[in-house]
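Shown next, in structure tokens, is the structure this report addresses.
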Amino acid sequence: MRDLYEILGVSKNASEDDIKKAYRKLAMKYHPDRNPGDKEAEKKFKEAAEAYSILNDPEKRAQYDQFGHAGVGLGDTGQTGYGGFHMSMDDIFSQFGDIFGGRNPFEDIFGGRSTRTRRHIRKARDLRITIELEPLEILKGVEKQVKIKRYETCETCHGSGARPGTQPGRCKQCGGSGQIRQISRTFFGQSVMVTDCPICRGEGEVIENPCVDCGGRGVKKKKVSLKINIPAGVASGNYMTLEGQGNKGGKGVHAGDLVVFFEEKEHPYFIRRGRDVLIEAHLTVAKAVMGSTIEIPTIEGRASLKIPPGIQPGQVLRMRGKGYPKLRGGQRGDQLVKIQVDIPKSLSRKEKELYAELEQLSKSVKPYFRKMDI
-4 MRDLYEILGV SKNASEDDIK KAYRKLAMKY HPDRNPGDKE AEKKFKEAAE
46 AYSILNDPEK RAQYDQFGHA GVGLGDTGQT GYGGFHMSMD DIFSQFGDIF
96 GGRNPFEDIF GGRSTRTRRH IRKARDLRIT IELEPLEILK GVEKQVKIKR
146 YETCETCHGS GARPGTQPGR CKQCGGSGQI RQISRTFFGQ SVMVTDCPIC
196 RGEGEVIENP CVDCGGRGVK KKKVSLKINI PAGVASGNYM TLEGQGNKGG
246 KGVHAGDLVV FFEEKEHPYF IRRGRDVLIE AHLTVAKAVM GSTIEIPTIE
296 GRASLKIPPG IQPGQVLRMR GKGYPKLRGG QRGDQLVKIQ VDIPKSLSRK
346 EKELYAELEQ LSKSVKPYFR KMDI
């Protein structure tokens, strides 16, 4: 799968304006109206739209920069993308309001006529939830069952919004077409603007006898249970989008999405830094001087760590492969153990005698001094 920056022909540190200009240029070059029947041009047109939709969104761009295609739901995530392109042509043309100042330039270029008639896609509201995860769940991946409240299709009217036994009537405003056409003349020729009918919202029908259970909306709020497969290696702030799992829409309205954010539960010992985990181990003076083998906590339980003789306070030991995996699988990070040596504040009589004897043995070792690192 090609790099998104490569598709648009920009560098990874490109500004938002640079990305927009690059997409505008490619959209004009490969637009289907300029390349009728050219499948290769259509493919490049869609690729550019996909790249722009991600790189123009600061949050999605950060996810892509950190995790690549998998971080934004492309590649081996189970979704389509590029080869089985997941943006519809309506999604793509809706972007033109951003890059061409609120209109599709091809309606002007071709004298107010476009080779396709597009209707605005109505979509129900998305839902957002947050799932807290234990370190072991992040390490191995997990299936979570969650309960959410969302609008579901009304069982009485089956989403039509009309009372059972009745039929919606024809919209008198648009004559049943669902669209209103406004024609005007410009310097370039005739311009035709087609919009959804404000009365029937593009459906061409109006409900004269609304369903008593949903009030004509076609949906009712309901609690539902969902199973969510969470990949290994996620971190706080990561999210995944489940298409069509948000609020359901009534007749003619597409279902919204469910956006699932992840939060890591705080661990009593570890701090996470990317794929690595950090922990402090406090040793006695004797163990630091003589060396030892200690049992130390890890994400999966406990493991043995060999302490070399003469280890210094602040020294870091690395336990390879004891950290978290790369998102959606891959080599695990490491566990970094920072050594601290505890100096006793009170001593037993026996300890005092031993330390006094040790002090006599080390009298020949003089204090030394060096410049402090700041």
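All residue numbers for the sequence shown refer to my numbering, where the first residue is -4 and numbers rise by one.
Note that the Cβ used here is the ideal one computed from N, Cα and C, for glycine as well.
Note that the structure is a prediction, hence the values are computed from the model and not measured.
Best match in the options for proximity to residue i [C-alpha to C-alpha]
i: K317; options: D271, L3, K358 and E54; result: D271
i: V254; options: D121, N30 and K16; result: D121
i: E138; options: Q174, K222, R176 and K243; result: K222
i: R(-3); options: H26, P31, A46 and I338; result: A46
i: L278; options: V336, G164, R29 and K7; result: V336
i: K24; options: G228, A36 and G32; result: A36
i: I225; options: D33, E132 and E42; result: E132
i: M235; options: I126, K16, R365 and E11; result: I126
i: A227; options: L50, K135 and E346; result: K135
i: D208; options: D252, T148 and Y319; result: T148
i: L331; options: G213, Y319 and R313; result: R313
i: A250; options: G160, E238 and E261; result: E238
i: P27; options: A43, D12 and K16; result: A43
i: G213; options: P362, D12 and T151; result: T151
i: G154; options: G211, L128, E129 and G199; result: G211
i: L21; options: L353, K39, K34 and S6; result: K39
i: R56; options: S10, R315 and R29; result: S10
i: P130; options: F257, I202 and Q355; result: F257
i: F62; options: K167, K321, G241 and G4; result: K321
Whether residue i touches residue j by CB criterion (8 angstroms)
i: G245; j: G156; result: yes
i: I291; j: A276; result: yes
i: G173; j: G197; result: yes
i: I14; j: N51; result: yes
i: R145; j: V248; result: no
i: C192; j: I175; result: yes
i: A230; j: E261; result: no
i: N204; j: R267; result: no
Opening and closing residue of the alpha helix (DSSP H) in which residue i lies
i: K347; result: R344 to L356
i: S359; result: Segment: none, S359 is in no alpha helix (DSSP H) and carries neither H nor E.
i: A9; result: Taken as a continuous stretch (DSSP letters only), A9 belongs to no alpha helix (DSSP H), as it is neither H nor E.
i: Q58; result: P53 to F62
For residue i, the first and last residue of its enclosing beta strand (DSSP E)
i: P292; result: S287 to T293
i: Y146; result: V137 to T148
i: G(-2); result: The identity of residue -2 in the sequence shown is Asp, whereas the question assumes Gly. D(-2) -> no beta strand (DSSP E), and no H or E assigned at all.
i: L221; result: V214 to I225
i: Q330; result: Q330 to D337
i: A298; result: G296 to I302
i: L312; result: V311 to M314
Identity of the residues DSSP links to residue i by a beta bridge
i: D191; result: Q174
i: T125; result: F256
i: E275; result: K333
i: A393; result: Only positions -4 to 369 of the chain appear in the structure, and residue 393 is not among them; the question remains open.
i: R327; result: P320
i: V207; result: Partner(s): none; V207 has no beta bridge.
i: A157; result: P205
i: R165; result: E200
i: K118; result: H249
Residue i CB to nearest heavy atom of the ligand NAD below 7 angstroms
i: V248; result: The ligand NAD is not part of the structure shown, which contains no ligands of any sort.
Any C-beta of chain C under 8 angstroms from that of residue i
i: G63; result: As a matter of chain content, chain C is missing from the structure shown, which is built from one protein chain.
**OP:** For the region 231 to 270, list the beta strand (DSSP E) runs that are entirely contained and at least 3 residues long, ordered along the chain.
**Re:** Along the region 231 to 270, the beta strand (DSSP E) occurs as fully enclosed runs of 3 or more residues at 234 to 237, 253 to 259 and 266 to 268, listed in sequence order.
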